[in-house]
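Colleague: Right, I'll just put the structure down here and ask away after.
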């Protein structure tokens, strides 16, 4: 086991300062260590060490840019529910691996209820979604039933957990 895996396996609970750092980074991941340190009333060195620890522990998974879907011609959002035709590990594993390879699927959940999975799909238009659905998604082995819900308007969209 390497050093990073050892650090990740140690039980760690973020304290109040760590949570402040996480809140700030969720709002603006481009903040410098110095800017964060000023806002949480710590010096830059311990602030940097805390951020590195949060990254090593896997609490901070990645830093991303959140894009405006319409500006990049991905304005159609579809929630697609999928029920498998056969419920066993092999079928589910094949389905999961196939869906993970589809760039149009931006979120993918295993759910309970009448359906087994929910996919959040972004597309440029109804025509391009139809092509994706017919030519790629529905060709994945093991699908028994689907139900697509088309998002008409986004009321709230956030990636902030704290």
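Residue numbers (my numbering): 73 to 234.
Where a beta carbon is used, it is the ideal one built from N, C-alpha and C, also for glycine.
The structure displayed is predicted, hence computed values, not measured ones.
Between residue 194 and residue 141, how many whole angstroms is the CB-CB distance? I'm expecting something under 8 angstroms.
Modeller: Going by Cβ atoms, the distance from residue 194 to residue 141 rounds to 6 angstroms, so yes, they are a contact pair.
Colleague: Would you report the Cα separation of residue 118 and residue 176, rounded to the nearest angstrom?
Modeller: So the two alpha carbons sit approximately 40 angstroms from each other.
Colleague: Taking residue 89 as part of the beta strand (DSSP E), name the residues at either end of that continuous run.
Modeller: Taken as a continuous stretch (DSSP letters only), residue 89 belongs to no beta strand (DSSP E), being part of the alpha helix (DSSP H) at 88-99.
Colleague: Expressed to the nearest angstrom, what Euclidean distance is found between the alpha-carbon atoms of residue 163 and residue 213?
Modeller: In a straight line, the C-alpha of residue 163 is about 8 angstroms away from that of residue 213.
Colleague: Can you pull the DSSP bridge partners for residue 181?
Modeller: The partner list for residue 181 (beta bridge, DSSP) reads 190.
Colleague: Quick check on this structure: which residue in 216, 96, 120 and 147 has the alpha carbon closest to the alpha carbon of residue 111?
Modeller: Looking at the Cα atoms, 96 is the closest of the given residues.
Colleague: Strictly under 8 angstroms for the Cβ-Cβ distance: is residue 222 near chain D by that measure?
Modeller: Of the chains in the structure shown, none is chain D; there is only one protein chain.
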